[in-house]
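Working notes, structure below.
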Amino acid sequence: MVREFAPRVCFPFVGRELGGSHVSSLGLIKSLDARRYKPVVVLQHLDGSVYEFFRDNGVEAKAAPATPALARGSPIGAVRLAELFATAPRLSRYLREGDFSIVHCNDGRTSATWALAAKLSGAKVLWHNRGNPNALGLRLAAPLLADAVVSVSAFASPRPGLISAASKNTVVFSPFDVHMTEDREQARQSLLKELGRDARTTIIGYFGALVARKRPVLFVDAIAEIRARAPATPVLGLMFGEPRDGFDTAVKARAVERGVEDAIRLMGFRTPGSRWIAACDMLLSPGVGEPLGRTLVEAMLVGTPIVATDSGGNPEAVRNLKTGVLAPPEDAAALADAALLLLSDRRLAADISRNAAADARIRFGVDRHVEAITRLYDALLSPTRSRRAAGPEPHETDSTATAGRT
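Listed below in structure tokens is the structure:
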């Protein structure tokens, strides 16, 4: 369906910190059929890493009207809530004057800032949940303000209840460049040279911000357990990501406590993530309650074997012993056993990696994501409002239960 004038879709973002929501949104924004929908990126700040990310990827961003600053990961207090209510009429006027038909909110802070304004303007609200299914906004605001909810996994979807957005929800996996390729051996050799280590070293990577949910200290414990079980194997645990909330200090302290300070390196945030994942012999993801980790899918695509916890959206991305190995959450010994299974059976690791790459190319492509979101847009603007026209993400029967900076 090609309209004479393509409806405008507002993609607002707040804050300056780059995260997975921006990376995922970019794939949609650049791939939407402009004859059907015209995406417009609107930023709270025309500086910082978010602005630079869109600019460097060829996406023009417009300045939003002034809105309250919301701290990432912090609850919205009464004062900020009052400020958001006071801002809504101004944002609503901006949306009406901009002739926006849909406002696509891609994270919690953006939804808190723009959803009410979009409702007041008459635009349809698409609430894209990439995070905690128990988030207050998703539980209490989305049922009232969202015309449709998209969740990145079944785990991330709103729970049914008396007040719930579950009936408005569709699961759509985030988009990835399924054609990405990396020379793993070249990347590995380059990393070993940087580290001053020889080819016998086994590199196990942690990717993501150092935050409680991702269990960075548990990663250290898992490396210690691997060392204890296979002392002849020179293992190096590399942690790629921004330290937050003092977790860099906690990681260093636990490494000393477990006697593996020589086996843990904090590498900071690096890009492109796919190259650094490819340089590792294994991705070990100890986090719990992850909606659907981007790094898991990127590892699948570049051929790096995966060990992850059987928690959150992980089982929707990784099928145990088929496309990776899942271990019980909060169990360093189980993570170590899973890692050693792959390290000791190279054929199994190769088969799993090959299966994972094929599976990821089928399920996580940009085209598939854009098609699903476009159907949702169509349904939102259709007089019949058949949201179900978009359809849910198909799941394998044994897989239904997200490097980045998030």
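Residue numbers (this note's numbering): 396 to 801. A virtual CB, placed ideally from N, CA and C, is assigned to each residue, including glycine.
Outcome for residue i when other beta-carbon atoms lying within 10 angstroms are tallied against a minimum of 16
i                 : result
alanine 731       : buried
isoleucine 672    : buried
isoleucine 757    : exposed
phenylalanine 480 : exposed
alanine 429       : exposed
lysine 609        : buried
serine 748        : buried
glutamate 791     : Low per-residue confidence applies at glutamate 791: pLDDT is 39, beneath 50, and the placement is therefore not dependable, though the value from the model is reported in the following sentence. With fewer than 16 Cβ atoms within 10 Å of its Cβ, glutamate 791 is classed as exposed.
glutamate 652     : exposed
leucine 679       : buried
asparagine 452    : exposed
proline 759       : Per the sequence presented here, residue 759 reads as phenylalanine, with proline not at that position. Buried.
alanine 513       : buried
valine 545        : buried
asparagine 709    : buried
leucine 737       : buried
phenylalanine 635 : buried
glycine 663       : exposed
threonine 762     : The sequence given here places aspartate at residue 762; threonine does not occur at that position. Classification of aspartate 762: exposed, given that the 10 Å Cβ count is below 16.
glutamate 492     : exposed
aspartate 754     : buried
leucine 540       : buried
isoleucine 618    : buried
glycine 632       : buried
arginine 771      : First, the residue type needs correcting, since residue 771 is leucine and not arginine in the sequence shown. That one is buried.
isoleucine 598    : buried
Residue i in three-state terms, based on DSSP
i              : result
glycine 415    : helix
serine 794     : The predicted model places serine 794 with a pLDDT of 32, which falls under 50 and marks its position as unreliable, so this point remains unresolved.
proline 710    : helix
arginine 660   : strand
valine 573     : coil
leucine 511    : helix
arginine 403   : strand
glycine 760    : strand
isoleucine 558 : coil
threonine 769  : helix
valine 409     : coil
proline 434    : strand
isoleucine 701 : strand
leucine 427    : coil
leucine 605    : strand
alanine 458    : strand
serine 496     : strand
proline 626    : coil
proline 638    : strand
glycine 799    : With a pLDDT of 39 at glycine 799, under the threshold of 50, the modelled position of that residue is not reliable, and no figure is offered here.
Cβ separation of residue i and residue j, assumed to be a contact under 8 Å, to the nearest whole Å
i              : j            : result
isoleucine 768 : valine 567   : 6 Å
valine 498     : proline 407  : 7 Å
valine 454     : cysteine 405 : Not really, about 14 Å apart at Cβ, beyond 8 Å.
glutamate 589  : alanine 728  : Actually they are not in contact, since the Cβ atoms of glutamate 589 and alanine 728 sit about 31 Å apart, beyond 8 Å.
serine 552     : alanine 518  : Between alanine 518 and serine 552 the Cβ distance is about 23 Å, and since that is not below 8 Å, they are no contact.
valine 612     : arginine 639 : The Cβ separation is near 13 Å, so there is no contact.
leucine 515    : alanine 543  : That pair is no contact at about 18 Å.
histidine 764  : serine 569   : 7 Å
glycine 410    : arginine 504 : 6 Å
alanine 674    : serine 585   : 7 Å
aspartate 502  : arginine 525 : 7 Å
arginine 622   : valine 655   : 6 Å
valine 615     : arginine 660 : Incorrect: roughly 11 Å between the Cβ atoms, too far for contact.
leucine 465    : alanine 507  : 7 Å
Per DSSP, cross-strand counterpart(s) of residue i
i              : result
serine 546     : Asn524 and Val566
asparagine 715 : Gly719
isoleucine 599 : Gly632 and Met677
leucine 590    : Bridge partners of leucine 590: none, in fact.
lysine 647     : Bridge partners of lysine 647: none, in fact.
Any non-hydrogen atom of the ligand GTP within 7 Å of residue i CB
i          : result
valine 692 : The ligand GTP is not among the ligands present in this structure, which contains no ligands whatsoever.
Specify whether the stretch 678-693 and the stretch 637-647 touch according to this definition: at least 3 beta carbon pairs, one from each stretch, less than 8 Å apart. Short answer: they don't touch.
Hey, is the stretch 438-455 in contact with the stretch 420-430, meaning 3+ C-beta pairs nearer than 8 Å? Yes, the stretch 438-455 touches the stretch 420-430.
Contact between the stretch 572-587 and the stretch 689-708: three or more CB pairs below 8 Å? Because the criterion of three Cβ pairs below 8 Å is met, the stretch 572-587 and the stretch 689-708 touch.
For the structure I just gave you, are there three or more beta carbon pairs, one from the stretch 659-669 and one from the stretch 713-727, closer than 8 Å? Proximity of the stretch 659-669 to the stretch 713-727 falls short of the contact definition, fewer than three beta-carbon pairs being nearer than 8 Å.
Is there contact here, the stretch 456-467 with the stretch 437-445, by at least three beta-carbon pairs under 8 Å? The stretch 456-467 is in contact with the stretch 437-445.
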